[in-house]
Amino acid sequence: MKLSHAIEMPGVYIAAFFLWLKKHLDLLVIGILGWSFFNPFTASIVFLFLIILFEGYVLLLSFSLKPRPDASKWSEDEITVLRKYPYYFYYPFSSKSDSSNLSGIALSTFIWVPWLLYNNLWLPGIIIGANCFISGSLSQKLNPRAFLHDAVENRGKMFLLSEMKAVDSVCEKILECQREAIKSKKGEEELSS
């Protein structure tokens, strides 16, 4: 590819970079964690940069999606859920993958923080430790169905029951629309052949 094409379409390369990052994030986290045993300060700064880059990407996608559901097709609870978790309903597989990556980042803080505090790197340790709460709440927003079912069924948080039912209802309606679209497409293909 010519340099002029790269200058004309930088968004393609940025998108490709983020797709690569999402695919290999778990390996990067483990690799940087291993590097921290030899050079903790530099590795912690690189890890913070990686966190900011990935979580910024997830937040940017989450806030850029502004669903406008039709009130005649959705109930009030469903509209609230669609607006609260737009990334999950627009990109469900990517959202679940990102949730898993964020959970891995949050779990890695249990190794990072004691190691950084042991090496007297207080500021990076505190920032990475505080990020555990940010990535945990983001992870819940990216996979609400799993977290709400866990909260209601296993932890007895019944105040989340209506939200869980609304998320399940939206998922079922989306699946039904997809099934109807597949049936109509198959019908069109059979008529054309």
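First residue of the sequence shown: 28, per our numbering; consecutive thereafter. Each residue gets a CB set at the ideal place from its N, CA and C atoms; glycine is no exception.
Checklist entry - With 16 as the cutoff for other CB atoms within 10 Å, does Phe222 come out buried or exposed? => result Outside the modelled stretch of the chain, which goes from 28 to 220, sits residue 222, for which no answer is possible.
Item to check | Residue range of the unbroken alpha helix (DSSP H) whose run includes Arg172 | outcome: Element bounds for Arg172: 171–176.
Checklist entry - So is Asp97 buried or exposed if we call it buried at 16+ other beta carbons inside 10 Å? => result Looking at its Cβ environment, which holds fewer than 16 other Cβ atoms inside 10 Å, Asp97 is exposed.
Checklist entry - Once you ignore the five residues that flank Lys192 on each side, which residues in its own chain have a CB closer than 8 Å to its CB? => result Only Asp104 meet the Cβ criterion.
Next on the checklist: Count Cβ pairs between the stretch 47–55 and the stretch 127–138 that sit closer than 8 Å; are there 3 or more?
Outcome noted: Segments in contact, yes.
Next on the checklist: As a quick exercise: from Leu143, Ile155, Ile209, pick the residue whose alpha carbon is nearest that of Ile78.
Outcome noted: Comparing alpha-carbon positions, the option among Leu143, Ile155, Ile209 lying closest to Ile78 turns out to be Ile155.
Checklist entry - Leaving out the 5 sequence neighbours to the left and right, which residues in its chain are closer than 6 Å to Ser89 when beta-carbon positions are compared? => result Around Ser89: Tyr114.
Item to check | Neighbourhood of Tyr84 by C-beta distance below 6 Å, restricted to the same chain and skipping five residues each side | outcome: Taken in chain order, the residues that qualify are Phe45.
Checklist entry - Between the Cα of Phe64 and the Cα atoms of Phe120, Leu87, Leu143, Leu150, which residue gives the shortest distance? => result Per the Cα distances, Leu143.
Checklist entry - Taking DSSP as the reference, what is the three-state secondary structure of Glu215? => result Of the three classes helix, strand and coil, the one that applies to Glu215 here is helix, per DSSP.
Item to check | Pairwise C-alpha distance: Tyr112 and Pro171 | outcome: Pro171 and Tyr112 have their C-alpha atoms roughly 8 Å apart.
Next on the checklist: Once the 5 residues before and after Asn147 are set aside, which same chain residues still bring their CB inside 8 Å of it?
Outcome noted: In the same chain as Asn147, and ignoring 5 residues on each side of it, no C-beta atom comes closer than 8 Å to its own.
Checklist entry - Under the three-state reduction of DSSP, which class applies to Ser31: helix, strand or coil? => result Residue placement at Ser31 cannot be trusted, given a pLDDT of 46 that sits under 50; what the coordinates show is reported in the next sentence. Annotated three-state conformation of Ser31 is helix, per DSSP.
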